[in-house]
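Residue numbers (the working numbering): 30 to 427.
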């Protein structure tokens, strides 16, 4: 997803650049920021970076260390967590450095390195920063497709193997990397006065303004409009399907599975809505700049308001990486339990663990005995076995 950081004068396809190099009519932008404003922005970025790094790091560790979590929707969550790590490790550090550098025209996104190493790091950083949102949006689409089959076509959903899910996740990275692979050719480090800038420019090979227009329009259609049309249709169908379902017996295994599906669908829907809230204003601004204003800011816009709005929209995109882990831990009890075990894990041979194991075995024995007694009075044992198998399969959804 191509991004433009207007608060730092990025009239490029990445979160970098100096607008005066490519758009001479915008030499007076960005506007000088006070020390208090810069410190406040740095603190906000640091808080988001810490939360995103810890949250997504815990999610990756939890899924990696617990084999029973390596199934179904957790594959997509793991993929998004890996993608979201780009925000605290690359995107936010890129934003923090220019806030520490004073410039006569304001704070611009200067680049701290030069030479071959600086050029490679510039290309790689912008490449990963723009590829990450594409991986996330495609993961959301694939996760929704997976839930769509589980709710609307439950019998067909059983045919979706883990290999198919892994194939989908691989495709998300291939598409993201493939679309932004030109960054290694068109992203450069340039020196203006006493500072280096990491920027994207299609010139002189192509007309820069026209190329940017095509690039942004294509990215908007492929990674914003089409995905959210698909998500809207699939969630509408799923919600209607879940609404029509009624739970006849609370002890029925299929009913418990329906309840489990409702919870997972609701969590996935919340993830999509949060993504839309975090990225919607930013992409909407890009759309207006590209299609409506044609890269020329109206002169009647208030300088301060525009700078503030551009920072807020960009900052929201960064918060998405910190909010996603919170959603996972709120909705998935097994994640909370695994997180607790990371910090207060008891030895397996401790008296409390042995006591808990014995109690669990006694409880399971009592339940099994009661079920067998009930089954012998009401129906054949084969029916009980069938439901038991269904009950064990139910756990594969979380």
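C-beta atoms are modelled at their ideal positions from N, C-alpha and C, and glycine is treated no differently.
DSSP places residue 220 inside the beta strand (DSSP E), whose first and last residues are 216–221. The alpha-carbon separation between residue 218 and residue 154 amounts to approximately 12 Å. For a cut-off of 8 Å, the C-beta gap from residue 296 to residue 356 is around 7 Å, short enough to register as a contact.
Distance from residue 226 to residue 140 at the Cβ level is roughly 6 Å; contact confirmed, criterion being Cβ atoms closer than 8 Å. In terms of Cβ geometry, residue 118 and residue 89 do not form a close pair [threshold 8 Å]. The alpha-carbon of residue 235 is positioned some 24 Å away from that of residue 147. In this structure, DSSP gives residue 80 a helical state, which the three-state scheme calls helix.
If you draw a straight line from the Cα of residue 294 to the Cα of residue 66, it is about 40 Å long.
Of all C-beta pairs linking the stretch 235–245 to the stretch 162–174, fewer than three are shorter than 8 Å, placing the two stretches out of contact.
At least 8 Å separates the beta-carbon of residue 194 from that of residue 264.
Of 160, 94, 246, the smallest CA-CA separation from residue 116 is found for 160. Only residues of its own chain outside the window of five on either side were considered, and among them 51, 215, 217, 237 have a CB closer than 7 Å to the CB of residue 230, listed in chain order. Counted as a single uninterrupted DSSP element, the alpha helix (DSSP H) harbouring residue 237 occupies residues 237–249. Around the CB of residue 205, 16 or more other CB atoms lie within 10 Å, so the residue is classed as buried. In terms of Cβ geometry, residue 305 and residue 85 do not form a close pair [threshold 8 Å]. Judged by their CB atoms, residue 314 and residue 342 are nearer to each other than the 8 Å cut-off. Under the three-state reduction of DSSP output, residue 231 falls in the coil class, being neither helix nor strand. Rounded to the nearest angstrom, the gap between the Cα atoms of residue 71 and residue 228 is 22 Å. Within 10 angstroms of the beta-carbon of residue 83 lie fewer than 16 other beta-carbons, which makes it exposed. By the neighbour-count definition (other C-beta atoms within 10 Å, threshold 16), residue 201 is a buried residue. For residue 112, the closest C-alpha among the options 353, 180, 327 is that of 353. In the displayed model, residue 105 falls within a helix according to three-state DSSP. Counting along the chain, residue 365 sits inside the alpha helix (DSSP H) bounded by residues 362–372. DSSP, read as helix, strand or coil, puts residue 140 in strand. DSSP, read as helix, strand or coil, puts residue 206 in helix. A direct Cα-Cα distance of roughly 11 Å separates residue 260 from residue 253. Your pair residue 312 and residue 179 does not check out as a contact, with CB atoms roughly 29 Å apart and the cut at 8 Å. Rounded to whole angstroms, the gap between the alpha carbons of residue 91 and residue 323 is 46 Å. Contact between residue 220 and residue 145 is absent: CB atoms are separated by about 14 Å, not below the 8 Å threshold. Residue 156 places its beta carbon less than 8 Å from that of residue 212. Apart from sequence neighbours up to five positions away, the residues of its chain that approach residue 365 with a beta-carbon distance below 8 Å are 358, ordered along the chain. Within the model, the alpha-carbon separation for residue 244 versus residue 250 is close to 10 Å. For residue 190, the number of other beta carbons within 10 angstroms of its own is below 16, and it is reported as exposed. DSSP places residue 62 in no alpha helix (DSSP H); its state is neither H nor E.
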